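Peer 1: Per UniProt numbering, residue 1 is the first one in the sequence shown, and the count goes up by one each step.
My questions will all concern the structure given below.
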Amino acid sequence: MENMLHLRYTPSQPAALPDHYVFSSDQLPAATAADRVTLPLIDMSGDRDEVRRAILDAGKEFGFFMVVTLSSHKFRLTYQEHVVNHGVPEQVMKDMEDVCEEFFRLPAEDKAHLYSEERHKPNRIFSGATYDTGGEKYWRDCLRLALPYPVGDGTKDWPDKPEGIREKIQNFTLLTRSVGLELLRMLSEGMGLRPDYFEGEISSGDVVLNINHYPPCPNPSKTLGLPPHCDRNLITLLLPGKVYGLDVAYNGEWIKVDPVPNTLVVNFGQQLEVVTNGLLKSIEHRTVTNAAVARTAVATFLMPKPDCVIGPAEEFISKENPPCYRTVMFRDFMRIYNVVKLGSSLNLTTNLKTVQKDV
Ligand code: OGA
Ligand code: NI
């Protein structure tokens, strides 16, 4: 527990940033595109053709977009075998945000049994990033949880405090998973594929949650919450929390993502990039900290099954478009691609082709 610097959340943080959290200035370029560019916000209740087009356009341009999925919205989602007409109700998002914030405020002794540095443990708390780095630490605590589907007894190793946490997290996760699958259906249709193209092994692994907690930081300009990285899964939906903290790479600059109430931030994982042979790209992002308030954000990752073999699909390959990526079992991809190279990060926008050459 001792190296969990932040876990013991207190409103008063150390006056100075400890040395091992300090990054050199070339690793910390500012969010310069912030005032000019914002991510598209897509209302999923709109006309289906328009929503589909908006998702594909935003996806190609940014690899990131925000969606509103209020309960009044009329798109159809499959949820526990039933077709229901809602996304993630406002109350479910609020309950999720509240219970996650409350969890990190619990006394350390209520969380200690969940702490582990064992990367392969599906449910645990840890501090910093799971990527290999040069030894610098990241200003983040994380409660990582895995939800199998169907759920079965998959939540038995989850925290049981505060009261109701399991039900609230499970409820949010299943609904958010459904929104993810619906987005994948719309993307498939938009790309001229059958709607269930991304159903099956590629999207039916565990849903993994990073419940990220960034305590107030004594010197936000010198450190990071998470390094520039791309998500390695299929598609990610982020509950962005109450305050800014996420930056997205765009044309060699960083865009700030200001949270909009009742929206999820969506981005493509690297498996979607591989399958589409680069038509949809997985875009680099990072998180920054702030001095005033703690930020809690929840990334929901739709994962392939570990033994799913993933490579560019034939629909995306032609004489003019030869396969740009190798075909790898998802389990192996996760093992191999576990390194983030820091530096002037935007010049090193993660290039899967280069990374895969090292395999
Ligand atoms: C992640 C991630 C963003 C955030 O966990 O992979 O990018 O705002 N999180 O915490
Ligand atoms: Ni991420």
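We put the CB at the ideal spot given by N, CA and C, even for glycine.
In this text the structure is predicted, and so the values were computed from the model without any measurement.
#1: On the premise that Cys324 lies in contact with Asn277, defined as a C-beta separation below 8 Å, what is that separation, rounded to the nearest angstrom?
#2: Taking the beta carbon of Pro322 as the centre, do at least 16 other beta carbons fall within 10 Å, making it buried, or is it exposed?
#3: Using a threshold of 8 Å, state whether the C-beta atoms of Arg286 and Pro227 are closer than that.
#4: My guess is that Val68 and Met96 are in contact by the Cβ rule of under 8 Å, so how many angstroms apart are they, rounded?
#5: Of the residues Leu106, Thr263, Gln271 and Arg53, which one's Cα is nearest the Cα of Leu41?
#6: When the Cα atoms are used, what is the spatial distance from Thr289 to Asn219?
#7: What distance in whole Å lies between the Cβ atoms of Phe172 and Thr296, which are believed to be in contact at a cut-off of 8 Å?
#8: Can the beta-carbon of Gly225 be found closer than 8 Å to that of Leu302?
#9: From Gly59 to Asp26, what distance separates their C-alpha atoms?
#10: Do Gln146 and Val99 have their CB atoms nearer than 8 Å?
#11: If I measure Cβ to Cβ from Asp160 and keep anything under 7 Å in the same chain, skipping five residues before and after, which residues do I get?
#12: Quick one: using the 10 Å Cβ neighbour count with 16 as the cut-off for buried, is Lys281 buried or exposed?
#13: Return yes when the Cβ of Tyr21 is within less than 8 Å of the Cβ of Thr176, no when it is not.
#14: Would you be able to state if there are at least three C-beta pairs under 8 Å between the stretch 236-254 and the stretch 186-202?
#15: Are the beta-carbon atoms of Tyr115 and Arg124 separated by less than 8 Å?
#16: Looking at ligand 1, does it come within less than 7 Å of Ala249, judged from the CB to the closest heavy atom?
#17: Could you give the residue range of the beta strand (DSSP E) that holds Leu41?
#18: Do you know how far the Cα of Asp153 is from the Cα of Asp307?
#19: What span of residues does the alpha helix (DSSP H) with Met334 cover, start to end?
Peer 2: Based on what the coordinates show:
#1: Start at 1 with the first residue of the sequence shown, and residue 277 comes out as number 277. Start at 1 with the first residue of the sequence shown, and residue 324 comes out as number 324. Going by Cβ atoms, the distance from Asn277 to Cys324 rounds to 6 Å, so yes, they are a contact pair.
#2: For the purposes of this step, residue 322 is taken as the residue at position 322 of the sequence shown. Per the 10 Å Cβ criterion, exposed.
#3: Translated into positions along the sequence shown, residue 286 becomes position 286. Translated into positions along the sequence shown, residue 227 becomes position 227. In this structure, Pro227 lies closer than 8 Å to Arg286 by Cβ.
#4: Residue 68 sits at position 68 when you count from the first residue of the sequence shown. Residue 96 sits at position 96 when you count from the first residue of the sequence shown. Going by Cβ atoms, the distance from Val68 to Met96 rounds to 16 Å, so no, they are not a contact pair.
#5: Within the sequence shown, the letter at position 41 stands for residue 41. If we check each option's Cα against that of Leu41, Thr263 comes out closest.
#6: Within the sequence shown, residue 289 is the residue found at index 289, counting from 1. Within the sequence shown, residue 219 is the residue found at index 219, counting from 1. Thr289 and Asn219: Cα-Cα distance of roughly 8 Å.
#7: Residue 296 sits at position 296 when you count from the first residue of the sequence shown. Residue 172 sits at position 172 when you count from the first residue of the sequence shown. About 13 Å separates the beta carbons of Thr296 and Phe172, which is beyond the 8 Å limit, so they are not a contact pair.
#8: The count along the sequence shown starts at 1 and reaches residue 225 at position 225. The count along the sequence shown starts at 1 and reaches residue 302 at position 302. No, they are not a contact pair.
#9: Within the sequence shown, numbered from 1, the residue matching residue 59 stands at position 59. Within the sequence shown, numbered from 1, the residue matching residue 26 stands at position 26. Going by the C-alpha atoms only, they are around 29 Å apart.
#10: Within the sequence shown, residue 146 is the residue found at index 146, counting from 1. Within the sequence shown, residue 99 is the residue found at index 99, counting from 1. Per the sequence shown, residue 146 should be read as Ala rather than Gln. No, Cβ-Cβ distance for Ala146 and Val99 is not below 8 Å.
#11: Here residue 160 refers to the residue found at position 160 of the sequence shown. Taken in chain order, the residues that qualify are Arg166.
#12: In the sequence shown, counting from the first residue as 1, residue 281 sits at position 281. Buried, since its Cβ has 16 or more Cβ neighbours within 10 Å.
#13: Position 176 of the sequence shown holds residue 176. Position 21 of the sequence shown holds residue 21. With respect to Tyr21, Thr176 sits apart: the two C-beta atoms are not nearer than 8 Å.
#14: These segments do not touch.
#15: Counting from 1 along the sequence shown, the entry for residue 115 is found at position 115. Counting from 1 along the sequence shown, the entry for residue 124 is found at position 124. Contact: yes.
#16: For the purposes of this step, residue 249 is identified with residue 249 of the sequence shown, where counting begins at 1. When distances are taken from the beta-carbon of Ala249 to the heavy atoms of ligand 1, even the shortest one reaches 7 Å or more.
#17: The residue you call residue 41 lines up with position 41 of the sequence shown. Residues Leu41 to Asp43.
#18: Numbered from 1 along the sequence shown, position 307 holds the residue referred to as residue 307. Numbered from 1 along the sequence shown, position 153 holds the residue referred to as residue 153. Whole-angstrom Cα-Cα distance: 22 Å.
#19: In the sequence shown, residue 334 corresponds to position 334, counting from 1. Run containing Met334: Phe330 to Ile336, per the alpha helix (DSSP H) assignment.
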